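Throughout the sequence shown, residue numbering follows full-length UniProt numbering, covering 1 to 675 in sequence.
Even for Gly, the Cβ is constructed at its ideal location relative to N, Cα and C.
Since this is a predicted model, take the numbers as computed values, not measurements.
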Amino acid sequence: MEVFGSVYLWTLASVVWLAVSVSLRYDPIRSDAYIQKERSSPHESTIHYLWERPLKRVRVRNTNRSTHCYLSHVISMLSLSKTLLSPTLLLLISATSVVSFQAHHAIRTIETRQRGTPARGVTSTALNDSSKPYDLAIVGAGVVGALAAVTAAQAPFHKRVILIDAPTASGTLQSPSGQDLSLGGPTGLFSKALRDTSKRIKVSTLRGMGLREDSVWNEIINSCVDLAASNSEDIERQLDMAGVTFLQGFAAFADSGGTDNLVVSQKDGSSSIVKAERVLLATGSQPFRPGGVPFDGKRVFDSDSINGLSYLPKSVAITGSGIIAVEFAKIFRNLGADVTLIIRDQVPRNALMKIGLDKDVAATLVADLIRSGIHIERGAQAADFEVPTSSDRAPIRIALEAKGGGPRAPGLRTELKCDAYLAAVGRKPNTGNLNLNAAGIQVDEYGGVLVDSQLCTTANAGNVYAAGDILGRPFLASTGVAQGKASITSMFGEMFKDSGKSVPQCEDGDTSCIVDGIASAGISFDPASLASNPFAFPTGVWSSPEAAYYGLSTQQAKDMGIDADEGMALYAECLRGRVFSPNGLLKIVFEKPAGRILGVHICGDDACELIHYGMELVKGRRTVLDLTDSLYSAVTFHEMYRIAAQAALDQAGARKRRAAAGLALAKRNRQVVQK
1 MEVFGSVYLW
11 TLASVVWLAV
21 SVSLRYDPIR
31 SDAYIQKERS
41 SPHESTIHYL
51 WERPLKRVRV
61 RNTNRSTHCY
71 LSHVISMLSL
81 SKTLLSPTLL
91 LLISATSVVS
101 FQAHHAIRTI
111 ETRQRGTPAR
121 GVTSTALNDS
131 SKPYDLAIVG
141 AGVVGALAAV
151 TAAQAPFHKR
161 VILIDAPTAS
171 GTLQSPSGQD
181 LSLGGPTGLF
191 SKALRDTSKR
201 IKVSTLRGMG
211 LREDSVWNEI
221 INSCVDLAAS
231 NSEDIERQLD
241 MAGVTFLQGF
251 AAFADSGGTD
261 NLVVSQKDGS
271 SSIVKAERVL
281 LATGSQPFRP
291 GGVPFDGKRV
301 FDSDSINGLS
311 YLPKSVAITG
321 SGIIAVEFAK
331 IFRNLGADVT
341 LIIRDQVPRN
351 ALMKIGLDKD
361 VAATLVADLI
371 RSGIHIERGA
381 QAADFEVPTS
391 SDRAPIRIAL
401 EAKGGGPRAP
411 GLRTELKCDA
421 YLAAVGRKPN
431 TGNLNLNAAG
441 IQVDEYGGVL
451 VDSQLCTTAN
461 AGNVYAAGDI
471 LGRPFLASTG
481 VAQGKASITS
491 MFGEMFKDSG
501 KSVPQCEDGD
511 TSCIVDGIAS
521 AGISFDPASL
531 ASNPFAFPTG
541 VWSSPEAAYY
551 GLSTQQAKDM
561 GIDADEGMAL
571 YAECLRGRVF
581 SPNGLLKIVF
591 EKPAGRILGV
601 HICGDDACEL
611 IHYGMELVKG
621 RRTVLDLTDS
631 LYSAVTFHEM
641 YRIAAQAALD
651 QAGARKRRAA
661 AGLALAKRNR
671 QVVQK
C-alpha cells in the first residue's frame, strides 16, 4: 500500500509539474493579443492575456525557476523507485513550483511593461530604478504626441521613447471599464464622433418609436464610443508595435531646473522620475472659460467638459461664433434640439471671415444655420445664470444683455431658457501644470510656448521641444502632427532636414513674395510662419455642411497688391451636387491675366476632402485654363472645379448659369415645403 500511495502521489505531483512546465513555455507579456477588462484605479489594471502563441519578443531567463522545477522532478522520480520521500514533502515541492512561477510571473510583467506599451492606467514603479535615460520623453498622448512617439521609435530613428499622459479624466469617451478612449485622438474627437452619429441616427424616428430620452441618448453615446474605441485601439497597436513605453501620470519639470528629469506624479501622491535626453511637450490646449459662467460639467459646459454630457438636451444655448460654436450648433440641431447661438457681432459671418473663410462661404454657412432652424441672438452676451439643482432638470435661465452693456439691439430677448449651455469662445495652450518657469521655458501673452524655427524652446539645456496646440494658433490637428514630426527631425535627423526650404522672407511689409515662392519653398512649422502664411495648411470646418479653404481669398490677394478675381460654381450646377448638397458652392481665386490659381474655398458636402485637390492646384501653379481642359469622372463633386474655371473665364455667362440654377433650386425647395 505504501508503494501504491507513493505512485499515486508521484503521479499527482508530476501532473502539477507538467502543467507548470507547459505554462512556462508561454510568456504573458503585453502584445497585440491582450485585452484590458477593467481598472479599479488609475494605477491598477486587471489584464486578461490570450495564451495563444509562445514567447517571441522578449526571453526572460530565471535560473532559480528552472533549477527548482528540475529538482522537484528528480526528487519525484526518486520517490517512485525507492519511496525515499514522504507524500507530504512531494506535494510541498510541487506546490512551491507553482508559487515560484507566480512570483516570477509578477516580476516579469513589471519588467516587460517598461519594454513595450503598458496597459492604460498602469504605472511602472521600476521607472525609478532605470539607470539608462530614454532618448525621448513625450508629454501628452493626443494625436500630436502619439504620432510623434511612433515616428521617433520607428525607422529611420529607432529611438527609445516613453509617452506620458495624464490619468483618465471623467467624460463620455470611456469604455465601460473606465478606459480613456481619447488616446491619440484630436481635441475635437468627441464633436467629430457626435457629428457623424447625428448624421446616421434619426432622433425623431427613435422618439416616434416610443423610445425614452435616456434610451435614445444611450444609443447615440454607444455609437460615439464605438468610433472613438476604433481610433484608440489603432493608436495602441501602433505604439505597441513601435516599442513605445506608455506611462500615465502628471508630468512636470523638477524645481531644480533640470530638463533631463521629469517628475511624474499620481493622484495618490506618489511620484516617479523619468530620465530622458530630450523632451517634447505636446499637451495640447484647453477651453477658454469666460468669467461669470457657473461651469459645473452637468448643465453648463465648455468645449471639453461637454464630453461628459449625460442626457439628450431638448434645448441648447451656445455662446460663440467661431468654428467650435458652429459645429456644435449643427450637431445639436441635427439631434433634434432647439439651438440658440449667442454672438457679440451684429453680422454673424464676420467672425468666420476673421478666421480666414471667404465671405460667400461664411454667408452660406450662416444661411444654413438659419435655414435649419437655429436662432441667432446678435450683438448679445450672457449676463447672468440661474442653474436649478433639482433632479428633474428644470430649465436654465440666462439673462441676455447687449454686447459691452450698450444699448439693446431691436429684437434682443431679455432672457432665454435651455436644458444645457455651452461656452465655445476659443481655446488656449495647456501649459499651467508643467512648471515651465523652473526649466527656463518662456511663453507668450496667451500662454503659448515660444520656440525657434526648429521648434526648440528656450529651456536651460536646449533639449526641450514643443509641438501642437501648446504653441498657440492655428489649433489644428493637422498642423500639430506636422510640427511633431518636424520636431523629431530637428532632434535626431540632420540628414533628413529640408535645407533651404523655409517660407520666403518678404521685405518692407510686402507679402506677395510668399505667393511667388510657394511652389519652390517648403513650409516652416514654427508658429510664426504658420500663422502668417496662408499656404501653410488647409483648414476644414466640420460643420454640416462642411467648409474648407486653402490659399488666399480674393480680398486677401487684393490687399497684397495682386490683381485677382474669382470664379464660382454652385453645387446645384453639377448632378451630384443637385442631389446631395444643392446649397453649397466652390470658389477659385486666381491672378490676372495669367490665370494662376491662388486659393480655393468650398462649402458643401465633402468640402474637407475636396480641398486637397484645390491645394495641389495652388501649389502646382495650375491655371484656370488648365482646369477647363481637364477631364473629370462623371457625377462627381470634382466637376465643380471645371465649372468654376469656366466661370472665371466667362463671368457674364457664369452669372446667368448660376441664376438659372438658383431659380431651379428655389423652385424645388418650394415644392418640398408645399408637400
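Asked, Found
"Cβ separation of Gly440 and Ala459, assumed to be a contact under 8 angstroms, to the nearest whole Å", "5 angstroms"
"Identified DSSP bridge partners for Gln651", "According to DSSP, which records beta bridges pairwise, Gln651 is partnered with nothing at all."
"Proximity below 9 angstroms, CB of Leu369 to CB of Ala329", "yes"
"Tyr311 beta carbon less than 9 angstroms from that of Arg393", "yes"
"Same chain only: Cβ atoms within 6 angstroms of Asn463, ignoring 5 sequence neighbours per side", "Thr259, Arg278"
"Straight-line Cα distance separating Pro294 from Leu181", "27 angstroms"
"Close Cβ partners of Glu386 (< 6 angstroms) along its chain, the five nearest in sequence each way excluded", "Arg397"
"Residues near Cys456 in its chain [Cβ-Cβ closer than 7 angstroms; skip 5 each side]", "Gly462, Tyr465, Ser490"
"Counterpart residues of Leu422 in DSSP-defined beta bridges", "Phe301, Ile318"
"Interface flag, Gln442 vs chain D, CB-CB below 9 angstroms", "Among the chains in the structure shown there is no chain D, since it carries only a single protein chain."
"Beta-bridge pairing of Gln286 - partner residues as DSSP gives them", "Lys428"
"Helix, strand or coil at Gly379 according to DSSP, with G and I counted as helix", "coil"
"The region 206-225 / the region 239-258 touching (three or more Cβ pairs under 8 angstroms)", "no"
"Nearest-angstrom Cα separation, counted from Asn533 out to Leu357", "15 angstroms"
"Residue nearest to Ile602 in terms of C-alpha spacing, selected from Ile220, Asp196, Ala282, Ala644", "Ala644"
"Reference Ala276; option with closest CA among Val225, Pro593, Tyr134", "Tyr134"
"Alpha-carbon to alpha-carbon, Phe250 and Asn435", "11 angstroms"
"Residue environment, Leu570, which counts as buried when at least 16 other CB atoms sit within 10 Å", "buried"
"Gly184 and Asn231 closer than 9 angstroms at C-beta", "yes"
"Span separating the alpha-carbon of Val225 from that of Val300", "22 angstroms"
"Whole-angstrom distance between Ala367 and Gln555, CA atom to CA atom", "21 angstroms"
"According to DSSP, residues forming a beta bridge with Gly551", "Gly599"
"Validate contact between the region 620-640 and the region 544-558 using beta carbons, cut 8 angstroms, 3 pairs", "no"
"Inter-stretch contact (C-beta, 8 angstroms, three-pair minimum) for the region 405-415 and the region 425-434", "no"
"7 angstroms Cβ shell around residue 677 - same chain, five flanking residues per side excluded", "There is simply no residue 677 to check, as the chain begins at 1 and stops at 675 in what is shown."
"For Tyr465, three-class secondary structure by DSSP", "strand"
"Cβ-Cβ distance between Leu617 and Gly604 below 9 angstroms", "no"
"Run of the beta strand (DSSP E) containing Met560, from where it starts to where it stops", "Where Met560 is concerned, there is no enclosing beta strand (DSSP E), given that its DSSP letter is neither H nor E."
"Counted within 10 angstroms of its Cβ, other Cβ atoms place Ser321 as buried (16 or more) or exposed", "buried"
"Terminal residues of the alpha helix (DSSP H) in which Thr197 lies", "189-200"
"Beta-carbon spacing of Lys485, Leu163 below 9 angstroms", "no"
"Enclosing alpha helix (DSSP H) for Lys587 [first to last residue]", "Note, Lys587: premise wrong, no alpha helix (DSSP H); beta strand (DSSP E) at 585-591."
"Cα-Cα separation, Gln266 to Gly210", "46 angstroms"
"Cβ shell of residue 694 (< 8 angstroms), same chain only, five flanking positions each side left out", "Because residue 694 is not part of the residues shown, which for the chain are 1 to 675, the question remains open."
"Extent of the continuous alpha helix (DSSP H) to which Arg578 belongs", "575-580"
"Contacts around Ser41, its chain only, beta-carbon distance under 7 angstroms, and the 5 residues preceding and following it disregarded", "Note that Ser41 has pLDDT 35, beneath the 50 cutoff, so the model's placement of it is unreliable and the number below is only indicative. There are no such residues."
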